[in-house]
Amino acid sequence: MSEPNPATILVVDDSEDNRFAVCRHLQKAGFAVVEAQNGAETLRHVKNLPDLVILDVDLPDMNGFEVCHSIKKCPETSSIPVLHLSATFTKTRHRIQGLDSGADAYLCHPVEPLELIATINALLRLKRTEQALQEANRRKDEFLAMLAHELRNPLAPIRNAVEILRHRGGTDPISLSARDIIDRQATHLARLVDDLLDVTRIAQGKVPLEKNRCDLGTIVRETAEDYRGTFVEDGLTLNVRVLTEPLWVLGDRTRLSQIVGNLLHNALKFTDRGGEVRVEVTHNGTSHALVNIEDNGIGMDATTLKEVFEPFSQADHSLERRKGGLGLGLALVKGLTELHGGEVRAASDGPGLGSTITLRFPLDGRPPEKSQAASSSVARNTQRRVLVVEDNPDAAESMTLLLGLLGHEVDVVRSGLDAVEVARRSLPDLVLCDIGLPGMDGYAVARALRQEPNLKDVYLVALTGYARQEDQDNASEAGFDAHLTKPANIETLQAILADKATRPREDRRS
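For the sequence shown, the working numbering begins at 4 and goes up steadily by one.
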């Protein structure tokens, strides 16, 4: 078994005597040493990523504080420990300045060799701990992405099958009840998967927002109406009061609806049958829009109030866990609200006395844009030719059946090579393509289709269990027009078929 490579230390000092003394101690301790005598040399050498930098403060071209700041502000070098070593650190203000510039530790000249080596070893141990945590975090993110993919794959045909049953009609009460149960539970599982991934993305700052000027009151009202049926089923009253005047905010409509939906779901979960949830949208003048969601449910004690917006925080710690959930809903609310420049607060008078969540969003004070004439819409029942590319048999069959019931002409293939060949013959209006195909993946399919003269303008939709931003970016770069995450929302798919895949087939043959 080979010995690990020695750690490399970059020693920076304009005094040759000081460098010689420090380097000798380091080499005796088994470290590899690189030397520099000014700031410019240091910044060149640090690009080679030494394990640690010993940095003098008094350098001829720039001071060590500036060099340290440059090292720490660069993402590629920010994790390299910096140990200031200077006679000037006998003064408290210099020690403070050194730490403020990003240094990890400091020692004063003349330094005891044992203390120097011990300090270096301690910093290197901390660095290894940090690297281990980063690696663990990377593996966790990869696992969550794979978990989501594996869970979404079976969810897609389940949701498709529910839609097929819905479009087939039928009046048998038992069958209808079973269909609705499957639909609710599949929706719940998809929500749990999305929440888990969204919390991770928010922590990493990787949640893209498509911000537009939108009326917050309308978003709240529509979201509440989507939940009204569930409230009625659970024996709860839902009262909604929204100002008639628009409350314009700059935000992502989908994410704003997700915020409100999570709060309604939370109120529903923690309010017993016969209870009431009140939603009110107002403003505090000209600066902020306010959304209050108040329930008369189980309430919160002081400890719960302090932790309620933390990920995996649970208000229900009983063994039966009758309230369920991962404890991510309110953490998502907080993260998404702050991404919109807003804030969220929770209040409760105590257990059994209900809770109130208040959202506060900055109003967009710009004058409204001039309204534009609505473009002519394509009838929703216009028949399209669709090519489904999916290697999962259940997902392929269920999507084919569903699109057929919606009146579309469907071809289905199981591989990328077959997709290109069939598309050349059929000239589809839309290609719905899985990414994880055997051999030729979905990205390669998109690139190949864009090279075909008769297919370069075909509308391409990526359909995948992965929901990471990099997956969406990769799909866009490959030539896809849209990226849908499994299980695909049937209303979204219908809108794409009606409004996007509109180019006449004859035009593609020219």
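Cβ atoms here follow ideal geometry from the backbone N, Cα and C, with glycine treated the same way.
Have a look at residue i and residue j and give me their C-alpha separation to the nearest angstrom.
| i | j | result |
| --- | --- | --- |
| aspartate 54 | cysteine 77 | 15 Å |
| tyrosine 230 | glutamine 261 | 12 Å |
| glycine 410 | valine 392 | 19 Å |
| leucine 195 | proline 84 | 39 Å |
| arginine 155 | phenylalanine 273 | 28 Å |
| serine 479 | valine 464 | 10 Å |
| glycine 220 | leucine 246 | 7 Å |
| aspartate 367 | leucine 253 | 6 Å |
| serine 418 | glycine 442 | 8 Å |
| histidine 170 | threonine 467 | 24 Å |
| arginine 258 | threonine 340 | 9 Å |
| threonine 488 | alanine 151 | 10 Å |
| alanine 193 | alanine 292 | 30 Å |
| alanine 189 | leucine 158 | 7 Å |
| valine 36 | leucine 212 | 47 Å |
| glutamate 455 | asparagine 215 | 35 Å |
| valine 294 | arginine 471 | 30 Å |
| arginine 324 | alanine 139 | Note that arginine 324 has pLDDT 40, beneath the 50 cutoff, so the model's placement of it is unreliable and the number below is only indicative. If I take the Cα positions, the gap works out to 29 Å. |
| cysteine 436 | aspartate 414 | 12 Å |
| asparagine 395 | alanine 349 | 45 Å |
| valine 425 | leucine 390 | 8 Å |
| glycine 42 | glutamine 100 | 17 Å |
| histidine 517 | glutamine 40 | With the chain running from 4 to 513 in the structure shown, residue 517 is simply not present. |
| arginine 142 | alanine 447 | 27 Å |
| leucine 440 | isoleucine 74 | 43 Å |
For residue i, verify whether its CB is less than 6 Å away from any heavy atom of the ligand NAP.
| i | result |
| --- | --- |
| arginine 363 | Looking for the ligand NAP in the displayed structure turns up nothing, as the structure carries no ligands at all. |
Taking 7 Å as the cut-off, decide whether the C-beta atoms of residue i and residue j are in contact.
| i | j | result |
| --- | --- | --- |
| alanine 270 | isoleucine 301 | no |
| aspartate 20 | proline 63 | no |
| serine 89 | valine 60 | yes |
| threonine 122 | alanine 106 | no |
| alanine 399 | arginine 450 | no |
| asparagine 265 | glycine 278 | no |
| leucine 500 | arginine 387 | yes |
| aspartate 304 | proline 354 | yes |
| valine 243 | valine 282 | yes |
| alanine 148 | tyrosine 469 | yes |
| leucine 13 | valine 56 | yes |
| leucine 119 | histidine 28 | yes |
| arginine 22 | glutamate 44 | no |
| valine 280 | valine 223 | no |
What is the DSSP secondary structure of residue i, reduced to helix, strand or coil?
| i | result |
| --- | --- |
| alanine 491 | coil |
| asparagine 8 | coil |
| arginine 276 | coil |
| asparagine 265 | helix |
| asparagine 51 | helix |
| asparagine 395 | coil |
| asparagine 21 | helix |
| alanine 377 | Because alanine 377 sits at a pLDDT of 37, beneath the cut-off of 50, its placement in the model cannot be relied upon, and the following sentence gives the value as read from the coordinates. If DSSP states are grouped into helix, strand and coil, alanine 377 belongs with coil. |
| aspartate 444 | coil |
| asparagine 295 | strand |
| glutamate 323 | Its pLDDT being 37, under 50, glutamate 323 is placed unreliably by the model, and nothing is read from it. |
| glutamate 310 | helix |
| glycine 232 | helix |
| glutamate 455 | coil |
| histidine 286 | strand |
| glycine 338 | helix |
| histidine 486 | strand |
_Restricting to runs no shorter than 4 residues, where is the alpha helix (DSSP H) found entirely within the stretch 68-131?_
Segments of the alpha helix (DSSP H) lying fully in the stretch 68-131: 95-103.
*Does the stretch 349-365 touch the stretch 395-414, meaning 3 or more C-beta pairs lie closer than 8 Å?*
Contact fails: fewer than three Cβ-Cβ distances are below 8 Å.
*Three or more C-beta pairs closer than 8 Å, one from the stretch 155-166 and one from the stretch 485-500: is that the case here?*
These segments touch.
*Could you tell me whether the stretch 330-339 touches the stretch 198-211, using the rule of 3 or more Cβ pairs below 8 Å?*
Look at the beta carbons and you see the stretch 330-339 touching the stretch 198-211: at least three pairs across the two are nearer than 8 Å.
*asked:* Threshold first: 3 residues or longer. Then list the beta strand (DSSP E) segments lying entirely within the stretch 157-216, N to C.
replied: Counting only runs of 3 or more, we get nothing.
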